[in-house]
Amino acid sequence: KQEVTQIPAALSVPEGENLVLNCSFTDSAIYNLQWFRQDPGKGLTSLLLIQSSQREQTSGRLNASLDKSSGRSTLYIAASQPGDSATYLCAVSLVYNQGGKLIFGQGTELSVKP
Amino acid sequence: DGGITQSPKYLFRKEGQNVTLSCEQNLNHDAMYWYRQDPGQGLRLIYYSQIVNDFQKGDIAEGYSVSREKKESFPLTVTSAQKNPTAFYLCASSAGNVETQYFGPGTRLLVL
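Sequences listed follow chains A and B, in order.
Here this note's numbering is used: the first residue of the first sequence is 26, the next is one more, and so on.
Here this note's numbering is used: the first residue of the second sequence is 14, the next is one more, and so on.
Set out below in structure tokens:
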């Protein structure tokens with residue numbers, strides 16, 4: 026059974042710091058991996074999607090990497106800002122797909138202090 | 014504006030009552046999904062639909078029902094059989110079942 030874990034559960038950093046969020050998964054038979062952002066009481070916003078054949082994806086100050094063989098992904102945020110404060114979730118889509126089902130981690134709550 | 018809308022934002026359910034959560038999308042997406050989010054447990058899949066008039070159970074379908082009569086609509090009914098319905102419910106859609114999923118703003122369901 027695929028399990029997705031995100032560590033740490035919460036992270037607090039000063040503004041301007043570069044930071045890394047971690048995601049690990051137990052079964053390497055994934056189709057893709059997505060990183061989402063969730064603001065309190067809101068829906069999820071897709072940040073990056075990495076196909077299983079890719080090693081990384083970049084969007085602005087965000088860079089996501091994927092090492093399928095070791096079951097790890099990282100989300101790198103450069104020059105963090107208070108507006109980056111949110112919960113970040115990673116999710117994997119299974120090779121056997123099951124209709125596009127995503128398996129989510131429990132998220133990392135990020136706080137960027139001015 | 015293209016996107017996914019969910020209504021209502023807050024919903025209150027009385028004991029023994031069925032309630033229906035609305036999800037509409039104008040993205041012309043084939044696939045739609047319902048997730049439940051509880052504190053500390055992440056998101057879990059309730060039901061999904063890959064095409065009109067077809068849907069499948071997810072991991073926690075007991076006590077819930079859905080319909081997919083139109084491409085743009087995927088309502089979720091929380092029945093009286095769902096004994097612990099208090100949660101944040103999120104609807105999502107995607108162009109295909111391996112594409113990026115786009116989420117609505119969510120409905121928070123509370124029990125009176």
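No residue lacks a Cβ here, since even glycine has one placed at the ideal position from N, Cα and C.
Kindly say whether residue i, judged by its beta-carbon, lies nearer than 7 Å to any beta-carbon of chain A.
i, result
"leucine 58/B", "yes"
"phenylalanine 25/B", "no"
"threonine 113/B", "yes"
"alanine 44/B", "yes"
"glycine 16/B", "no"
"glycine 55/B", "yes"
Less than 7 Å separating the beta-carbons of residue i and residue j?
i, j, result
"valine 29/A", "isoleucine 128/A", "yes"
"glutamate 135/A", "serine 110/A", "A quick correction: the sequence has leucine, not glutamate, at residue 135/A. Cβ distance < 7 Å, so leucine 135/A and serine 110/A count as in contact."
"leucine 123/B", "threonine 99/B", "yes"
"glutamine 59/A", "threonine 112/A", "no"
"phenylalanine 50/A", "valine 117/A", "yes"
"histidine 42/B", "alanine 108/B", "yes"
"phenylalanine 87/B", "serine 62/B", "yes"
"leucine 72/A", "threonine 133/A", "no"
"leucine 125/B", "lysine 22/B", "no"
If you measure from the beta carbon of residue i to each beta carbon in chain B, is any gap under 7 Å?
i, result
"phenylalanine 129/A", "yes"
"lysine 138/A", "no"
"glycine 96/A", "no"
"lysine 26/A", "no"
Quick check: does the Cβ of residue i come within less than 6 Å of any heavy atom belonging to the ligand ADP?
i, result
"glycine 68/A", "What this structure holds is no ligand at all, so the ligand ADP is not there to describe."
Once you ignore the five residues that flank residue i on each side, which residues in its own chain have a CB closer than 8 Å to its CB?
i, result
"threonine 92/B", "Asn31, Gly76, Tyr77 and Ser78"
Below 8 Å on the Cβ atoms is my contact criterion, and I expect residue i with residue j to pass it. Report the Cβ-Cβ distance as a whole number of Å.
i, j, result
"lysine 138/A", "glycine 71/B", "That pair is no contact at about 38 Å."
"glycine 68/A", "glycine 29/B", "Not really, about 29 Å apart at Cβ, beyond 8 Å."
"glutamine 69/B", "tyrosine 60/B", "7 Å"
"tyrosine 115/B", "leucine 40/B", "7 Å"
For residue i, which residues of its own chain have a beta-carbon under 7 Å away from its beta-carbon, when the five flanking residues on both sides are left out?
i, result
"glutamine 50/B", "Leu56, Ala100, Phe101 and Leu103"
Which same chain residues, not among the five before or five after residue i, have their C-beta less than 6 Å away from its C-beta?
i, result
"glutamine 38/B", "Ile17, Glu85 and Ser106"
"serine 37/A", "Ser136"
"serine 35/B", "Ser20 and Pro88"
Going along chain E, which residues have a C-beta under 8 Å from residue i?
i, result
"glutamine 38/B", "Considering every chain present, this structure includes no chain E. Its protein chains are A and B."
| query | Taking Cβ-Cβ distances below 8 Å as the criterion, which residues of the stretch 57-84 of chain A are in contact with chain B? | reply | Asn57, Gln59, Phe61, Gly66, Lys67, Gly68, Leu69, Thr70, Ser71 and Leu74
| message | By the 9 Å beta-carbon criterion, what residues does the stretch 86-118 of chain B contribute toward chain A? | response | Phe101, Leu103, Cys104, Ala105, Ser107, Gly109, Asn110, Val111, Glu112, Thr113, Gln114, Tyr115, Phe116, Gly117 and Pro118
| message | Short of 8 Å Cβ to Cβ, which residues in the stretch 93-119 of chain A face chain B? | response | Leu114, Ala116 and Ser118
| field | Members of the stretch 61-78 of chain B that neighbour chain A once the beta carbon cut-off is set at 7 Å | value | Tyr61, Gln63, Gln69 and Gly71
| task | Compile a chain-ordered list of the residues in the stretch 40-57 of chain A whose CB is closer than 7 Å to at least one CB of chain B. | result | Tyr56 and Asn57
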